[in-house]
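Student:
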Amino acid sequence: MFLAKIQKYSNETLPPIRNKNNYSLGLDILMVADYSTFQGFTDISNGDVELAEVYTHEYLRALFEQVRTIYDHMKIANQTIQLTLVDAFVTLREDDCPMMFDLNGQADDSNSTLENSTFIGSDMDRANITILTLSMPAAEALEKFSHWLKRHKQLLPEHDHAVLITKYDLLSPRGDSSTQGLANVGNICERGDSSSVVEDIGAAATAIVAAHELGHSLGAFHDGNPESKECSSSENFLMAATVSGTENPELFAHSRMMSPCSVKSIEKKLRTSFANCMRKVKTSDVKTGNEAPERRRISRTPGETISLLQQCQITFGPHYGVCPNDEYFSGFDVCRRVWCKDRSKRRNEPCETKTYFPALDGTECGRIKLGHDIVRRTLLDLCTREIHRLERLFFACQIMELQATTLFLKNH
Numbered sequence: 001m002f003l004a005k006i007q008k009y010s011n012e013t014l015p016p017i018r019n020k021n022n023y024s025l026g027l028d029i030l031m032v033a034d035y036s037t038f039q040g041f042t043d044i045s046n047g048d049v050e051l052a053e054v055y056t057h058e059y060l061r062a063l064f065e066q067v068r069t070i071y072d073h074m075k076i077a078n079q080t081i082q083l084t085l086v087d088a089f090v091t092l093r094e095d096d097c098p099m100m101f102d103l104n105g106q107a108d109d110s111n112s113t114l115e116n117s118t119f120i121g122s123d124m125d126r127a128n129i130t131i132l133t134l135s136m137p138a139a140e141a142l143e144k145f146s147h148w149l150k151r152h153k154q155l156l157p158e159h160d161h162a163v164l165i166t167k168y169d170l171l172s173p174r175g176d177s178s179t180q181g182l183a184n185v186g187n188i189c190e191r192g193d194s195s196s197v198v199e200d201i202g203a204a205a206t207a208i209v210a211a212h213e214l215g216h217s218l219g220a221f222h223d224g225n226p227e228s229k230e231c232s233s234s235e236n237f238l239m240a241a242t243v244s245g246t247e248n249p250e251l252f253a254h255s256r257m258m259s260p261c262s263v264k265s266i267e268k269k270l271r272t273s274f275a276n277c278m279r280k281v282k283t284s285d286v287k288t289g290n291e292a293p294e295r296r297r298i299s300r301t302p303g304e305t306i307s308l309l310q311q312c313q314i315t316f317g318p319h320y321g322v323c324p325n326d327e328y329f330s331g332f333d334v335c336r337r338v339w340c341k342d343r344s345k346r347r348n349e350p351c352e353t354k355t356y357f358p359a360l361d362g363t364e365c366g367r368i369k370l371g372h373d374i375v376r377r378t379l380l381d382l383c384t385r386e387i388h389r390l391e392r393l394f395f396a397c398q399i400m401e402l403q404a405t406t407l408f409l410k411n412h
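Going left to right, the sequence shown walks through residues 1 to 412 as full-length UniProt numbering numbers them.
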């Protein structure tokens with residue numbers, strides 16, 4: 001979903017986009033977790049706030065890496081927009097939370113439904129866990145985050161776009177829960193206003209929403225809108241208003257790709273002076289004379305950083321684990337769909353999933369037996385690879401990177 005605040009394009013252009021010998025396209029991203037997200041990891045960590053801080057930092061980095069992977073496979077003006085993580089900021093005090101920030105820079109809880117300062121998810125019944133209900137209009141949340149960024153600009157690292165991850169239920173203008181993220185269209189490079197808020201619905205799903213909202217900031221509209229009327233939302237591309245569940249491999253793959261209309265809109269934005277921050281001057285290594293690396297990559301994939309157990313806990317709550325019943329995975333690999341089990345219930349109680357719940361890239365698919373030894377499935381058995389042959393896409397757990405599975409996301 002996006003706001004109606006749209007930057008007008010000017011006729012003034014900078015050097016042609018095709019001139020990539022002098023610069024590359026890139027974005028410096030700041031990831032921010034609000035207090036509700038931190039509290040969610042505090043519950044997963046059984047109240048250990050130090051461990052929760054570590055987990056929250058790792059989660060932000062994993063989400064960024066998942067978004068980076070999505071954009072790494074897109075070509076905009078024959079280039080890749082290279083995303084760089086400048087920092088992962090975790091809000092450790094409720095008073096410092098962007099969502100509690102009013103326009104005057106003071107803590108403000110008058111417009112939120114904060115019933116308690118501990119978040120553990122929905123439908124929790126354990127006696128030692130406190131249930132929290134959080135909700136806020138998405139437009140208000142985005143405005144608060146924007147002002148928070150501007151007020152603290154001297155304390156935050158320089159960045160081109162900031163992403164807020166929150167456990168708040170982001171409400172649509174109608175007051176329902178159909179919104180999962182929000183960003184202004186075309187506000188990239190505008191300090192404070194180049195930002196997005198993303199509801200943490202769980203691991204890979206959260207990353208898809210974050211990638212979608214970043215697309216709005218880059219200038220892309222929803223497919224099917226008047227500005228992108230030549231591209232149907234039913235094609236299931238990343239910028240569709242809703243990403244629908246489908247067993248069609250081609251449409252399945254589209255959910256991590258930009259439609260031609262979205263690419264055209266972003267390229268139009270790049271031709272204006274408003275996208276100047278995206279032009280990163282290429283530098284050379286002084287010793288070798290070779291072009292310096294455009295960014296530093298993390299050594300672990302998102303699924304290696306955030307385990308399958310943690311993905312279940314983030315999505316459903318701290319008392320969930322991975323489904324122990326192999327029958328639930330019959331016909332599906334874990335890359336496409338994760339099944340989780342409420343460990344507070346009997347073992348024979350059914351496992352649970354969501355319409356969209358793939359594993360993060362790099363998640364271990366399982367274990368295999370070699371002789372008498374049980375060993376981890378290695379690289380070819382991780383959800384980390386993508387194969388393009390002609391115009392066909394082949395999917396299996398061991399070769400899969402495009403993993404936005406059959407889904408129906410709320411309108412965002």
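Ideal Cβ positions, reconstructed from N, Cα and C, are used throughout, including at glycine.
Using only alpha-carbon positions, find the residue among N325, Y35 and E364 that is nearest to T353.
Tutor: Translated into positions along the sequence shown, residue 353 becomes position 353. It is N325.
Student: Could you name the residues of the same chain whose beta carbon sits closer than 6 Å to that of S177, not counting the 5 residues immediately before and after it, in chain order?
Tutor: Within the sequence shown, residue 177 is the residue found at index 177, counting from 1. Answer for S177: D169, listed in chain order.
Student: If we ignore side chains and look at the alpha-carbon of each, how far apart do F41 and K150 end up?
Tutor: As a working mapping, residue 41 is identified with position 41 in the sequence shown. As a working mapping, residue 150 is identified with position 150 in the sequence shown. The straight-line gap from Cα to Cα measures roughly 27 Å.
Student: With distance defined between alpha-carbon atoms, name the residue in L171, V185, Q180 and R191 nearest to H152.
Tutor: As a working note, residue 152 is residue 152 in the sequence shown. When only C-alpha atoms are compared, the closest one is R191.
Student: Would you call the segment 230-246 and the segment 46-61 touching, i.e. three or more CB-CB distances under 8 Å?
Tutor: no
Student: Of all the options E58, T315 and K144, which has the alpha carbon lying nearest to the alpha carbon of W339?
Tutor: On the sequence shown, residue 339 is found 339 positions in, with the first residue counted as 1. Checking every option, the nearest Cα to that of W339 belongs to T315.
Student: In the DSSP output, which residue or residues are listed as bridge partners for H73?
Tutor: As a position in the sequence shown, residue 73 is number 73, starting the count at 1. Paired residue(s): none; H73 is not in a bridge.
Student: Where does R279 fall in DSSP's three states?
Tutor: For the purposes of this step, residue 279 is taken as the residue at position 279 of the sequence shown. Here R279 sits in strand by DSSP.
Student: Among the residues of its own chain, which have a CB less than 6 Å from the CB of S146, if the five just before and after it don't count?
Tutor: The count along the sequence shown starts at 1 and reaches residue 146 at position 146. Answer for S146: G192, D193 and S195, listed in chain order.
Student: Out of curiosity, what's the CA-to-CA distance linking K75 and M278?
Tutor: Within the sequence shown, numbered from 1, the residue matching residue 75 stands at position 75. Within the sequence shown, numbered from 1, the residue matching residue 278 stands at position 278. Computed Cα separation, rounded: 14 Å.
Student: Is it right to say F250 is buried, meaning 16 or more other beta carbons lie within 10 angstroms of its own, or is it exposed?
Tutor: As a first step, residue 250 is located in the sequence shown; it is residue number 250 there, counting from the start. According to the sequence as given, residue 250 is Glu; it is not Phe. Result: exposed.
Student: Going by the DSSP bridge assignment, what does C340 pair with across the sheet?
Tutor: Start at 1 with the first residue of the sequence shown, and residue 340 comes out as number 340. According to DSSP, which records beta bridges pairwise, C340 is partnered with V322 and E352.
Student: Have a look at T166, H159 and R174 and flag the residue whose alpha-carbon is nearest the alpha-carbon of I188.
Tutor: Residue numbering aside, residue 188 sits at position 188 when the sequence shown is read from its first letter. When only C-alpha atoms are compared, the closest one is H159.
Student: Find the nearest neighbour of G202 within the set C231, T56, A253 and D223, judged by alpha-carbon distance.
Tutor: Taking the first residue of the sequence shown as 1, we reach residue 202 at position 202. The option with the nearest alpha carbon to G202 is T56.
Student: Taking the alpha-carbon positions, what's the N225 to C231 distance?
Tutor: Residue 225 sits at position 225 when you count from the first residue of the sequence shown. Residue 231 sits at position 231 when you count from the first residue of the sequence shown. In a straight line, the C-alpha of N225 is about 9 Å away from that of C231.
Student: Across which residues does DSSP place T84 in a beta bridge pair?
Tutor: The count along the sequence shown starts at 1 and reaches residue 84 at position 84. According to DSSP, T84 bridges with D28.
Student: Where does V334 sit, in a helix, a strand or coil, going by DSSP?
Tutor: Here residue 334 corresponds to residue number 334 of the sequence shown, with the count starting at 1. Reduced to three states, the DSSP call for V334 is coil.
Student: Kindly list the residues whose CB is nearer than 7 Å to the CB of G175, restricted to its own chain and excluding five residues on each side of it in sequence; keep chain order.
Tutor: Position 175 of the sequence shown, counting from 1, holds the residue named residue 175. Same-chain partners within the cutoff: there are none.
Student: I need the boundaries of the beta strand (DSSP E) containing L171, first residue and last residue.
Tutor: Indexing the sequence shown from 1 puts residue 171 at position 171. Note, L171: beta strand (DSSP E), D169 to L171.
Student: Taking just the CA atoms, how far does S24 sit from residue 501?
Tutor: Nothing about residue 501 can be reported from this structure: the residues present for the chain run from 1 to 412 only.
Student: Judging by CA-CA distance, which residue of I306, E94, E364 and Y356 is the nearest neighbour of V209?
Tutor: Within the sequence shown, residue 209 is the residue found at index 209, counting from 1. Per the Cα distances, Y356.
Student: What runs of the alpha helix (DSSP H), each 4 residues or longer, lie entirely inside the segment 194-221?
Tutor: 204-217
Student: Return helix, strand or coil for A33, following the three-state DSSP convention.
Tutor: Stepping through the sequence shown from its first residue, residue 33 is reached at position 33. In this structure, A33 counts as strand in the three-state DSSP scheme.
Student: With contact counted as at least three CB pairs below 8 Å, one residue from each stretch, are the segment 66-81 and the segment 134-148 in contact?
Tutor: The segment 66-81 makes no contact with the segment 134-148: fewer than 3 CB pairs, one atom from each, lie closer than 8 Å.
Student: Kindly list the residues whose CB is nearer than 6 Å to the CB of K341, restricted to its own chain and excluding five residues on each side of it in sequence; keep chain order.
Tutor: Residue numbering aside, residue 341 sits at position 341 when the sequence shown is read from its first letter. Excluding residues within five positions, the ones whose Cβ falls inside 6 Å are G321, C323 and C351.
Student: Can you tell me whether P98 is buried or exposed, with buried defined as 16 or more other CB within 10 angstroms of its CB?
Tutor: Residue mapping note: residue 98 aligns to position 98 of the sequence shown, counting from 1. Classification of P98: buried, given that the 10 Å Cβ count is 16 or more.
Student: Taking just the CA atoms, how far does L30 sit from F329?
Tutor: Your numbering for residue 329 matches position 329 in the sequence shown. Your numbering for residue 30 matches position 30 in the sequence shown. Roughly 36 Å separates the two Cα atoms.
Student: Go ahead and pull the three-state DSSP assignment for F145.
Tutor: As a working note, residue 145 is residue 145 in the sequence shown. If DSSP states are grouped into helix, strand and coil, F145 belongs with the helices.
Student: Determine the direct distance from the alpha carbon of L142 to that of L85, and round the result to whole angstroms.
Tutor: Position 85 of the sequence shown holds residue 85. Position 142 of the sequence shown holds residue 142. Spanning the two alpha carbons is a distance of roughly 21 Å.
Student: Using DSSP bridges, identify the partner residues of N78.
Tutor: Your numbering for residue 78 matches position 78 in the sequence shown. According to DSSP, which records beta bridges pairwise, N78 is partnered with nothing at all.
Student: Nearest to H216 by CA position, among S273, L63, A205 and S259, is which residue?
Tutor: Translated into the one-based positions of the sequence shown, residue 216 becomes position 216. Ranking S273, L63, A205 and S259 by CA distance to the CA of H216 puts S259 first.
Student: DSSP state of V263, grouped into three classes?
Tutor: Taking the first residue of the sequence shown as 1, we reach residue 263 at position 263. In this structure, V263 counts as helix in the three-state DSSP scheme.
Student: Roughly how many angstroms separate the alpha carbons of L186 and E94, rounded to a whole number?
Tutor: Residue 186 sits at position 186 when you count from the first residue of the sequence shown. Residue 94 sits at position 94 when you count from the first residue of the sequence shown. It is Gly, not Leu, that sits at residue 186 in the sequence shown. Each residue's Cα considered, the two are about 31 Å apart.
Student: From which residue to which residue does the alpha helix (DSSP H) around P226 run?
Tutor: If you number the sequence shown from 1, residue 226 lands on position 226. It is not in any alpha helix (DSSP H) - P226 carries neither H nor E in the DSSP assignment.
Student: Skipping 5 residues on each side, what residues in its chain have a beta carbon closer than 6 Å to that of I44?
Tutor: Position 44 of the sequence shown holds residue 44. Correct list, in chain order: Q313 and P318.
Student: Rank V90, R271, M136 and H212 by C-alpha distance to the C-alpha of T37 and give the top, closest one.
Tutor: By one-based count along the sequence shown, residue 37 stands at place 37. With distances taken between CA atoms, T37 lies nearest to V90 out of V90, R271, M136 and H212.
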